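Last residue of the sequence shown: 1631 (the numbering used here), numbering continuous.
First the structure, in the form of structure tokens, and then the observations on it.
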Amino acid sequence: MLRLFLLAYPRKFRQLHGEELLRLCREVYGPGFSLRAAADLVWNGLMERIGRAPGSFGEWLERPAREGRGERFVATVLNDVRLALRGFRGTPGFAGAVLLTLALGIGANTAIFSVIDAVLLRPLPYANGDRIVHLVQPAEGAGVENAGFSPLEVQDYRSQSRALDAVVEYHSMPFTLLGGAEPQRVQTGVVSAGFFDAFGVRALHGRTFLPADDEQGAAPVLVLSYEYWQRVYRGDPGIVGKSFTMNDRSHLVVGVLPPMPQYPGVNDIYMPTTACPFRNGAQWPHNRTARGLTVFGRLRTGSTAQAAQADLAALSARLHAQYPEAYPVTDGYAVRAALLHDELSRSARPTLLALLATTIFLLVIVCANVANLTMARLVRREHEMAVRTALGATRGRLLQQLLTENLLLALAGGTLGVLVAAWGVDALATFAGRFTTRASEIRLDLRVLCFAFGVSLSTGVLLGCLPALPARQSLAADLRAGSGATGSRGRLRARSALIVAQVAISFALLTGAGLMLRTLLKLQQVQTGFDAENVLTARVDLNWTRYREREKISAFADGLLLRLHEMPGVVAAGIGGSVPLDGNTNPNGLNLRIEGQPVDGVVQPRAELDTFTPDYFRAMGIPLLTGRDLTDADRPPATEVVLVNQSFARHWLGPDPVGRRLSADGGKTWISVAGVVADVKQHGLEREPADEIWTGLAFNANRDLRLVVRSRAAPLSLERGIREAVRSLDAEQPVTEVRPLTQVRADALSAPRLTALLLGAFALLALGITAAGIGGVIAYSVGQRTQEIGIRMALGAEPSSVLRMILRQGMALITLGLALGLLGGLAVSRVMAGLVFGIAARDPVTFLAGAGVLAAVGALACFVPARRAAEVDPMIALRSA
């Protein structure tokens, strides 16, 4: 009798406490009956029913320990996998929607993490990367972020620093390399002999520089960068040992560098300082104020960046006291040191962290949407779960099955996500390359794949545990009611809460994307100060040794301009020392005195010096505000005059600048201001114009010539004529960077444009997922209330009132989500404060627009199920009750 009772009512058996079960058994079988005997009795009854031999329940419990629990666990998992795959085949729409959503969310996070890992997290790929510091010498009083160092200062810091065991210098210059198929313009890094040793970089082929290479009279040698070696010589190791001509001297290639990030700039080749005609000239090495060198130091073993900073500050104070004329108190010179790892990623960090936060938000939205889909599917499976529970399945066993299903979906979605990341990682590397030279390290390696696996695994576990299982107390009611009646209010509230969270996060993402979009629009509206239409620019770097004298440079420029003016369609042509917004301009700061103004105790003006030829401003479309432009008569032996920009005149010269005199040598000689030109955005659309003075090329020869040609036709139609004009003057002179000025301006917007594009894409994706989730929840709610809606309409309710009721329910969720999303939007705006331009970080227009877009999309998502509810036939609804 007890056996039949226990077998017929397994739920009742499980609900009995140990003492109650023992009392019942002793009443039937006598006072000597034990719980072990009761368990054996029940076990043998079960074995008889399934056709297996009877035995002891205790032996069955001990059997996994003897046979190995792993085999039973594997068998259980494999059975769960088979059941999950069978279920996915029955619901392909659910499986496809989940896989696509997870692939997008995990793929976006994987792609962004590959950038974060390479740029911000990984140690530098140098043997001494954690010990390298970058030294800067700002002059805050003069408004200079980094004046650089002079060779004499480098020697002082190298010999006197106690915290650094190596101090090396760097600067970069373009030269013409001869000996290949055609003349090449190569960007050349000029470095100390111990530069690569300080970084711990070994040559991939050959060797790097030796101390003997940096001695006076040493034979010139070159080391090629890996990228240049691959691009020009296709990775030929035989290049080591070959000679090339540069600056009229033969240079021997002694090595090739490994692939590595170059800082602070990308160079084609490297040479020691003694091989550089400029660095090894008569003036620069012996002038303490001739600054401009970039300096790196290697921390001594056991030293820290903080200790190095204190040591450099003390050393700087001693030098200021020893050479007061080189460090004016009003200029505020100082020396600072920062770890190179931080410097390489400093400009990229705000943008990358903003993108990382965006993708994390997107993943949360994805998880919420998949959880809603899973809950909707679980509603249709509650009858199945109730039956399995009634047959003896424990709550843990059901959770294991759901966990297996969600892990399979998450891992499959993660695999697809890796493919999505692989598709987008190259574009992200190009994007990151605008901020840091570490972009070459971005790849989908084992670390990134482990991250993708971890995200997939975590997502699967979260989704497997999130949906609530049916409570045991409701199973009997579930079985009686059937599969369609178990949609509880609690589960609807949970799904509604997920929708509110999705709306809130989507609002935050829309806020970030809107801020970047508004920033991009503001940047596009910035007045650059020049007219870029129908203007072609080009670069001609004259051979250093062949064009040493000012007269030769001026003669080359005059001959080239004569040929350019003779070309058909040319309106104006000029030569300057830079092209605005091209990113290649290295400003040459100049300390000045103004006649009639006090010197002692007063901050003296400092301006960027640039050169130009007559007609340059007309070719650029830069208006002359007052005074006159240069003419062909403004050349030696005539008196030198200069032009200044509007910013310099406003800050230093007052309302009548024409005729004022300036001095760049402490008052020994004076130069008159002939005119004032409009401000030009030289270094970025988001930056205020710097103070500039313009001097004639005939007086201050600059070998790095920037051609500017305005034409009536398409600018690129002039490229061939420009190359032929240069070749007719010097057959060994290359022409590079031939670009329309409109392209130069567009390239200046590329970084904010790409940032806005990425944030916008993520925001639109989140918006679409959220809209789908809202529609699903409202549709589910309508399905649960079909009978109620039928009764309302049978009693006389109009379809329009039903429509309004359902819309009101959906818009309540959206409104709550927007209210919570406002807090997230404020947090996002604080993070992005350093990225916006022309607007406030808490721009009300952006917040209102984001709320309006999200509300409109949400209303549309609610309208479809609401209209379906309004079209319910009351008779059909009541018949199904």
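Heads up, the beta-carbon is just placed ideally off N, CA and C, and yes, glycines get one too.
Every value quoted in this text rests on a predicted model; they were computed, and no experiment measured them.
Alpha carbon of residue i to alpha carbon of residue j, nearest angstrom
| i | j | result |
| --- | --- | --- |
| ALA1611 | ALA1522 | 7 Å |
| PHE1201 | VAL1578 | 25 Å |
| GLY1262 | ALA868 | 24 Å |
| VAL1116 | GLY1471 | 56 Å |
| ASN1122 | GLY891 | 60 Å |
| MET1135 | GLU1093 | 58 Å |
| PHE1111 | LEU1270 | 23 Å |
| LEU1267 | ALA1609 | 24 Å |
| LEU960 | VAL941 | 12 Å |
| THR1486 | GLY988 | 27 Å |
| ALA1057 | PHE1185 | 29 Å |
| ALA1055 | VAL1321 | 56 Å |
| ALA1235 | LEU1566 | Residue placement at ALA1235 cannot be trusted, given a pLDDT of 45 that sits under 50; what the coordinates show is reported in the next sentence. Rounded to the nearest angstrom, the two C-alpha atoms are 28 Å apart. |
| ALA1601 | GLY1526 | 21 Å |
| ALA1118 | LEU1248 | 6 Å |
| GLN1072 | VAL1205 | 59 Å |
| ALA1383 | PRO1364 | 10 Å |
| ARG1048 | TYR1020 | 20 Å |
| ASN1395 | VAL1285 | 21 Å |
| GLY840 | LEU1259 | 35 Å |
| THR1044 | GLU919 | 6 Å |
Spatially closest choice to residue i from the options, by CA coordinates
| i | options | result |
| --- | --- | --- |
| ALA1634 | GLU1442, SER1206, SER1256 and SER1097 | What the structure shows of the chain is the stretch from 751 to 1631, and residue 1634 is not part of that stretch, so it cannot be assessed. |
| GLY721 | ASN1450, GLN1252 and LEU1331 | Here the chain has residues from 751 to 1631 only, and residue 721 is not among them. |
| ARG1298 | THR1101, PHE1257, MET1010 and ASN1450 | ASN1450 |
| ALA1590 | LYS1272, ILE882, PRO1502 and LEU1089 | LYS1272 |
| GLU1283 | GLY1371, HIS1091 and LEU852 | GLY1371 |
| SER1685 | VAL1168, LEU1148 and ASN997 | Any question about residue 1685 goes unanswered here, given that the chain covers just 751 to 1631. |
| VAL1349 | GLY1416, GLY1146, ARG1145 and THR1596 | GLY1416 |
| LEU1570 | GLY1518, VAL1250 and SER1066 | VAL1250 |
| PHE899 | ALA1544, ASP1379, VAL1614 and ASN1037 | ASN1037 |
| ALA1084 | ASP1429, PRO1100, GLN1072 and SER1066 | SER1066 |
| LEU1161 | SER1461, VAL1459, ALA845 and GLU1390 | ALA845 |
| VAL1595 | GLY1031, TYR1530, GLY1264 and GLY1540 | GLY1264 |
| THR743 | THR1492, GLY1560 and GLN1150 | Since the first residue shown for the chain is 751 and the last is 1631, residue 743 is missing from the structure and cannot be characterised. |
| ASP1281 | ARG1245, ALA1428 and LEU1545 | ALA1428 |
| GLU1390 | GLU1316, LEU1374 and GLY1425 | GLY1425 |
| GLY1446 | LEU1509, ALA1307 and LEU885 | ALA1307 |
| ALA1616 | LEU1585, ILE1539 and ALA1583 | ILE1539 |
N- and C-terminal bounds of the beta strand (DSSP E) containing residue i
| i | result |
| --- | --- |
| ASN1395 | 1391-1395 |
| THR1044 | 1044-1049 |
| GLN934 | 934-941 |
| LEU974 | 971-974 |
| GLY1005 | 999-1006 |
| PHE1280 | Note, PHE1280: premise wrong, no beta strand (DSSP E); not H, not E. |
| MET1010 | No beta strand (DSSP E) contains MET1010, which DSSP labels as neither H nor E. |
The alpha helix (DSSP H) enclosing residue i, as first and last residue numbers
| i | result |
| --- | --- |
| PHE899 | Here PHE899 belongs to no alpha helix (DSSP H), and DSSP marks it neither H nor E. |
| VAL1595 | 1594-1620 |
| ALA1064 | 1055-1072 |
| ASP1092 | 1090-1095 |
| ARG1209 | Reading off the sequence shown, one finds Thr at residue 1209, where the question assumed Arg. Here the alpha helix (DSSP H) through THR1209 covers 1196-1215. |
| HIS1315 | 1300-1316 |
| ILE862 | 842-866 |
Check: residue i C-beta below 8 Å from any heavy atom of the ligand MG
| i | result |
| --- | --- |
| THR1139 | The model depicted lacks the ligand MG and carries no ligand whatsoever. |
Cβ of residue i within 9 Å of any chain C Cβ
| i | result |
| --- | --- |
| LEU1517 | This model lacks chain C altogether; it includes just one protein chain. |
For the region 1329-1388, which segments carrying the beta strand (DSSP E) assignment without a break, of at least 3 residues, lie completely within its bounds, in sequence order?
Taken in chain order, the complete beta strand (DSSP E) segments of 3 residues or longer contained in the region 1329-1388 are 1338-1341, 1356-1362 and 1374-1377.
4-residue-minimum alpha helix (DSSP H) runs that sit fully inside the region 1479-1544, ordered along the chain
1491-1498, 1500-1534 and 1536-1544, all fully within the region 1479-1544.
Stretch pair the region 1020-1032 + the region 957-970: three plus CB contacts closer than 8 Å:
The region 1020-1032 is in contact with the region 957-970.
Pair every Cβ in the region 886-901 with every Cβ in the region 1343-1351, then say whether three or more of these pairs are closer than 8 Å.
Cβ pair count under 8 Å is below three, so no.
Determine contact between the region 1440-1450 and the region 1348-1366, defined as no fewer than three beta-carbon pairs at a distance below 8 Å.
Cβ pair count under 8 Å is three or more, so yes.
Is the region 899-919 touching the region 1005-1014 in the sense that three or more CB pairs, one from each, lie closer than 8 Å?
In short, these stretches do not touch, since the Cβ pair count stays below three.
Counting Cβ pairs closer than 8 Å, one from the region 1071-1079 and one from the region 827-837, do we hit at least three?
Because the criterion of three Cβ pairs below 8 Å is not met, the region 1071-1079 and the region 827-837 do not touch.
The region 1412-1427 contacting the region 1460-1477, beta-carbon criterion three pairs below 8 Å:
No, because fewer than three Cβ pairs between the region 1412-1427 and the region 1460-1477 fall closer than 8 Å, the two stretches do not touch.
Three or more beta-carbon pairs under 8 Å between the region 1152-1172 and the region 847-858, yes or no?
Yes, the region 1152-1172 is in contact with the region 847-858.
The region 951-967 in contact with the region 998-1008 per 3-pair CB rule at 8 Å
At 8 Å Cβ cutoff, the stretches touch.
With three or more beta-carbon pairs closer than 8 Å as the criterion, would you say the region 1613-1620 touches the region 1542-1554?
Contact holds: three or more Cβ-Cβ distances are below 8 Å.
Three-pair Cβ contact test at 8 Å for the region 1452-1466 versus the region 1310-1326:
Enough Cβ pairs lie closer than 8 Å, so yes.
Contact between the region 1293-1308 and the region 1494-1511 is defined here as three or more beta-carbon pairs at a separation below 8 Å; is this criterion met?
No: the two stretches stay apart, fewer than three of their Cβ pairs being nearer than 8 Å.
How about the region 992-1002 and the region 921-929: do they share at least three Cβ pairs that are nearer than 8 Å?
Here the region 992-1002 makes contact with the region 921-929; the two share three or more CB pairs at distances below 8 Å.
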